[in-house]
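Residue numbers (numbering that gives the first Met the number 0), protein chains in the order written: chain D, 0 to 186; chain E, 0 to 224. Positions of the beta carbon are idealized from the N, C-alpha and C atoms, including for glycine. Here the structure comes first, spelled out in C-alpha cells, and everything after it is commentary.
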Amino acid sequence: MEEKYQDEFEEFLKALENGEVTAEYDGKEISEAVCPANGSGKGDNNEENNSIVSLLQEIQKEHHYLPADVLKEVAEKRNIPLMDIYSVATFYKSFSLEPVGKHKIVCCSGTACHVRGGKKITGEISRLLKIKPGETSKDRLFSLETVSCLGACALAPLVVVDGEYCGNMATSRIESFLEERLPLQKE
Amino acid sequence: MVNLTLNGLEITVEKGTTLLEAAKFYGIEIPTLCYDEALSPYGACRLCLVEVSKPGGRSKLVSSCTYPAMEGLVVRTHSERVMKARRLLIELYLATCPSSKTIQDLASKYHVTKVRFTQKHEDCILCGLCVRMCEEQMQAKAIGFVNRGAERRISTPFDAKSDECRLCGGCIYICPACRLRCQGPNEESPVCNACLNLSPPCLDQYDDAMCYMDPCVACELKIQK
Chain D
0 MEEKYQDEFE
10 EFLKALENGE
20 VTAEYDGKEI
30 SEAVCPANGS
40 GKGDNNEENN
50 SIVSLLQEIQ
60 KEHHYLPADV
70 LKEVAEKRNI
80 PLMDIYSVAT
90 FYKSFSLEPV
100 GKHKIVCCSG
110 TACHVRGGKK
120 ITGEISRLLK
130 IKPGETSKDR
140 LFSLETVSCL
150 GACALAPLVV
160 VDGEYCGNMA
170 TSRIESFLEE
180 RLPLQKE
Chain E
0 MVNLTLNGLE
10 ITVEKGTTLL
20 EAAKFYGIEI
30 PTLCYDEALS
40 PYGACRLCLV
50 EVSKPGGRSK
60 LVSSCTYPAM
70 EGLVVRTHSE
80 RVMKARRLLI
90 ELYLATCPSS
100 KTIQDLASKY
110 HVTKVRFTQK
120 HEDCILCGLC
130 VRMCEEQMQA
140 KAIGFVNRGA
150 ERRISTPFDA
160 KSDECRLCGG
170 CIYICPACRL
180 RCQGPNEESP
190 VCNACLNLSP
200 PCLDQYDDAM
210 CYMDPCVACE
220 LKIQK
C-alpha cells in the first residue's frame, strides 16, 4: 500500500474503533463481515435456514404456492442469496413452486388404506374432480395428492380435505361428502 | 498440541487439525474427490475415510477431511477395512460417472477393475466443490443444490441464467467429473484401467501401514490374497 493511503487507512481504522464511522458490508457491520466469528458467523447457518423456512411458510400461506417473483423480491429485501431460498424451497415437499388449488385433498395410499380400498377412493375423487393425483384443476380450486401414510391407519381408508381428517371413507358416499365441504360444480 | 498415532507412527499436530491435513503433513496420501485446500471441508465423497479407534475401543470409519485430530487417537489410513470400503466407493463412482478421468485414475490406482452396479452416465457426483467454489471463493452463490434425495442436482435458481453468475468458470475448473474426460471407457467396459500400474514399487507390508509409500497395486494384490 502506498504511504499516503496507509495514513488515510490508519485514520479510518481509528475512527472506526471510536465509533465515529460505521462501515457496512453485506448488510453487516464491517467487523462482523470481515471476521464472522465476531458476529453471528457460521454457527447459525442452521438458524438462517430456519428463518428461510418460516419465510417461505408465510409466503405459501398467502399465495398457496411460492411465486418466483415473490421469492426474488424477498431475497433482495432480506439480503438472502436467492440460491439459498431456492434450495430450501425445492428441498421440502410441502413447498410448491407451481400454483396449487385452493382446496387440498389428500388421499392416503399407505398399506392399511390400500388394503381397505384406498385406491378406489382416489380413483373416485379423481373422476369427480377430473384431475389425476398430483394435479391441480384448471380453475385452481382443487389439488389432489396422495401420501404414503398419515399415521391414522385405524381410520382407513383416509381422506384429508383441507386439513380435516375423514376416515372410513367409502366410494358410495364420497360425492355427497365432497359436496358438503367443497364448491363442487354440478353438471 | 495433540498426540496421536497415525499408521503406527507417533505424531504431534496442532489442535484443530483434521486427520486429512495431518496425514498429508506426514506424507501419507489419502484420496479425495470433494476436498480442496481453499474450501471448507464438506465430507461428501467419503473417499477420504480412515479407520479411527481409541485404545481398547472399537474402530470406526470416519471421513478424515471433517474429523479433528484428538489426543490418543489411533488412525489407520490404509488398513484392509478402509481399502475395501474405498474400493467399493470408487466402484460406485465409476458406475455413476465413468467419463471422469479423475475417477478412472483412482480406479487404476486402487485396482478397481470391474463395476458390479448398473452403469449410468451422469456428469455429476454431487461433491459440492463447484457450489463451495462459487460461494466461498467467488462470493457469488449463483449455483447450489436443488431438490432432495435421488433428484438432488446442482442448478441455478429456477434453472434460469443467474444474475449472480459472472461466468468465471471456477465451477468447471474445480469439477472432478467434467474437468478432465477419460477417453478410455465405452459402453461395453465402464472401467478404463489404461493407467493401471502393474509393477510393484514396494516390497513389504506392515501391520499398521502397508508401507510408508503411497499404497500401490502390490499392496492391493497382497490384500486380495
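So, at 7 Å on beta carbons, what are the nonlocal neighbours of residue i in its own chain, with the 5 sequence-adjacent residues on each side left out?
{"i": "L202 of chain E", "result": "Residue placement at L202 of chain E cannot be trusted, given a pLDDT of 40 that sits under 50; the coordinates are not used to answer."}
{"i": "E121 of chain E", "result": "T95, C96"}
{"i": "A141 of chain E", "result": "C133, T155, S161, E163, C164"}
{"i": "L46 of chain E", "result": "P30, T31, L32, R85, L88"}
{"i": "D83 of chain D", "result": "I51"}
{"i": "V69 of chain D", "result": "I58, H62"}
{"i": "C64 of chain E", "result": "T17, L19, T31, Y34, P40, G42, C47"}
{"i": "V190 of chain E", "result": "L93, A106, V111, T112, K113, V114, P184"}
{"i": "F94 of chain D", "result": "L55, Q59, L65, A88"}
{"i": "S78 of chain E", "result": "E50"}
Using the C-alpha atoms, what's the distance from residue j back to residue i?
{"i": "Y109 of chain E", "j": "T31 of chain E", "result": "13 Å"}
{"i": "R126 of chain D", "j": "L143 of chain D", "result": "11 Å"}
{"i": "R86 of chain E", "j": "K14 of chain E", "result": "31 Å"}
{"i": "K119 of chain D", "j": "E174 of chain D", "result": "13 Å"}
{"i": "I153 of chain E", "j": "L128 of chain E", "result": "11 Å"}
{"i": "T145 of chain D", "j": "F24 of chain E", "result": "54 Å"}
{"i": "M0 of chain E", "j": "G150 of chain D", "result": "52 Å"}
{"i": "S171 of chain D", "j": "S147 of chain D", "result": "23 Å"}
{"i": "T16 of chain E", "j": "A68 of chain E", "result": "6 Å"}
{"i": "S58 of chain E", "j": "K129 of chain D", "result": "58 Å"}
{"i": "C106 of chain D", "j": "L54 of chain D", "result": "28 Å"}
{"i": "M212 of chain E", "j": "G148 of chain E", "result": "With a pLDDT of 48 at M212 of chain E, under the threshold of 50, the predicted position of this residue should be treated as unreliable, and no value is reported."}
{"i": "G7 of chain E", "j": "R77 of chain D", "result": "53 Å"}
{"i": "E72 of chain D", "j": "E135 of chain E", "result": "24 Å"}
{"i": "I173 of chain E", "j": "Q103 of chain E", "result": "17 Å"}
{"i": "N2 of chain E", "j": "K53 of chain E", "result": "12 Å"}
{"i": "G55 of chain E", "j": "L5 of chain E", "result": "16 Å"}
{"i": "A74 of chain D", "j": "K83 of chain E", "result": "46 Å"}
{"i": "G109 of chain D", "j": "G122 of chain D", "result": "15 Å"}
{"i": "E7 of chain D", "j": "G169 of chain E", "result": "35 Å"}
{"i": "C152 of chain D", "j": "C123 of chain E", "result": "40 Å"}
{"i": "E10 of chain D", "j": "A176 of chain E", "result": "49 Å"}
{"i": "K131 of chain D", "j": "R131 of chain E", "result": "40 Å"}
{"i": "N37 of chain D", "j": "Y66 of chain E", "result": "Caution is warranted here: a pLDDT of 38 is assigned to N37 of chain D, below 50, making its placement in the model unreliable, and the coordinate value is therefore given only provisionally. Between N37 of chain D and Y66 of chain E, the C-alpha separation is close to 24 Å."}
{"i": "F176 of chain D", "j": "K92 of chain D", "result": "28 Å"}
{"i": "V38 of chain E", "j": "R178 of chain E", "result": "According to the sequence as given, residue 38 of chain E is Leu; it is not Val. Between L38 of chain E and R178 of chain E, the C-alpha separation is close to 18 Å."}
{"i": "V14 of chain D", "j": "E36 of chain E", "result": "The displayed chain sequence assigns Ala, not Val, to residue 14 of chain D. Their Cα atoms are separated by approximately 36 Å."}
{"i": "P182 of chain D", "j": "S98 of chain E", "result": "55 Å"}
{"i": "A133 of chain D", "j": "I171 of chain E", "result": "The sequence given here has Gly at residue 133 of chain D, not Ala. Approximately 36 Å between the Cα atoms of the pair."}
{"i": "Y4 of chain D", "j": "V12 of chain E", "result": "40 Å"}
Kindly indicate which residue of the options has the alpha-carbon position closest to the one of residue i.
{"i": "R180 of chain E", "options": "E:G168, E:P156, E:K100, E:M132", "result": "E:K100"}
{"i": "G117 of chain D", "options": "D:Y164, D:A169, D:S86", "result": "D:A169"}
{"i": "V145 of chain E", "options": "D:S86, D:A67, D:K76, D:Q59", "result": "D:S86"}
{"i": "T76 of chain E", "options": "E:S39, E:A37, E:I27", "result": "E:I27"}
{"i": "G162 of chain D", "options": "D:R180, D:L70, D:S147, D:P66", "result": "D:R180"}
{"i": "A88 of chain D", "options": "D:P66, D:P132, D:L128, D:E178", "result": "D:P66"}
{"i": "V99 of chain D", "options": "D:D138, D:E7, D:V73, D:E9", "result": "D:D138"}
{"i": "I79 of chain D", "options": "D:T121, D:N49, D:E97, D:C152", "result": "D:N49"}
{"i": "L140 of chain D", "options": "D:V159, D:T121, D:N167, D:K103", "result": "D:K103"}
{"i": "R166 of chain E", "options": "E:I102, E:L3, E:Y66, E:A139", "result": "Note on residue identity: the sequence assigns Leu, not Arg, to residue 166 of chain E. The shortest C-alpha separation from L166 of chain E is found at E:A139."}
{"i": "R115 of chain D", "options": "D:N167, D:Q5, D:F8", "result": "D:N167"}
{"i": "R80 of chain E", "options": "E:G55, E:V49, E:V130", "result": "E:V49"}
{"i": "I124 of chain D", "options": "D:L81, D:E97, D:E178, D:E10", "result": "D:E178"}
{"i": "D158 of chain E", "options": "D:F176, D:A14, D:L81, D:D6", "result": "D:L81"}
{"i": "K119 of chain E", "options": "E:M137, E:R178, E:C170, E:E90", "result": "E:E90"}
Only counting the same chain, and skipping five residues up and downstream in sequence, which positions put a Cβ closer than 6 Å to that of residue i?
{"i": "C112 of chain D", "result": "A155, P156, L157"}
{"i": "V51 of chain E", "result": "V61, L72, V74"}
{"i": "T135 of chain D", "result": "V99, G100, S142"}
{"i": "V160 of chain D", "result": "I104, R180"}
{"i": "C165 of chain D", "result": "V158"}
Among the residues of its own chain, which have a CB less than 8 Å from the CB of residue i, if the five just before and after it don't count?
{"i": "L125 of chain E", "result": "A43, F144, R151, R152, I153"}
{"i": "L96 of chain D", "result": "Y64, L65, A67, A88, T89"}
{"i": "F116 of chain E", "result": "E90, L91, A94"}
{"i": "I10 of chain E", "result": "N2, L3, T4, A21, Y25"}
{"i": "M137 of chain E", "result": "R165, C167, G169"}
{"i": "E70 of chain E", "result": "V1, N2, L3"}
Give, in chain order, every residue of the stretch 63-85 of chain D whose Cβ lies closer than 9 Å to some Cβ of chain E.
Within the stretch 63-85 of chain D, the qualifying residues are A67, L70, K71, A74, P80, L81, M82, D83, I84, Y85.
Inside the stretch 71-159 of chain D only - beta strand (DSSP E) runs reaching at least 3 residues
You should have 102-107, 141-146.
Of all the residues that make up the stretch 86-105 of chain D, which are near chain A by a beta-carbon distance shorter than 7 Å?
Structure shown: chain A not included; protein chains present are D and E.
Tell me the start and end of each unbroken beta strand (DSSP E) in the stretch 92-166 of chain E that is at least 3 residues and wholly inside, in chain order.
With a minimum length of 3 residues, the continuous beta strand (DSSP E) runs that stay inside the stretch 92-166 of chain E are 143-145, 152-154.
The stretch 137-152 of chain E: which residues have C-beta closer than 8 Å to a C-beta of chain D, in chain order?
From the stretch 137-152 of chain E, only K140, A141, I142, G143, F144, V145, N146, R147 have a Cβ closer than 8 Å to chain D.
Using a Cβ-Cβ cut-off of less than 8 Å, give me the residues of the stretch 50-82 of chain E that come near chain D, in sequence order.
Residues: none.
Which runs of the alpha helix (DSSP H) at least 4 residues long sit entirely within the stretch 3-54 of chain E? Give them in chain order.
Within the stretch 3-54 of chain E, the runs of alpha helix (DSSP H) at least 4 residues long that lie entirely inside it are, in chain order, 18-24.
Closer than 7 Å between beta carbons: that is the criterion. Which residues of the stretch 91-124 of chain E meet it against chain D?
Here the close residues number zero.
Residues of the stretch 22-44 of chain E in Cβ contact with chain D at a cutoff of 8 Å, in chain order, please.
Along the stretch 22-44 of chain E, none of the residues has a CB nearer than 8 Å to a CB of chain D.
Against chain D, which members of the stretch 162-182 of chain E pass a CB distance test of less than 7 Å?
Nothing from the stretch 162-182 of chain E brings a Cβ to less than 7 Å from some Cβ of chain D.
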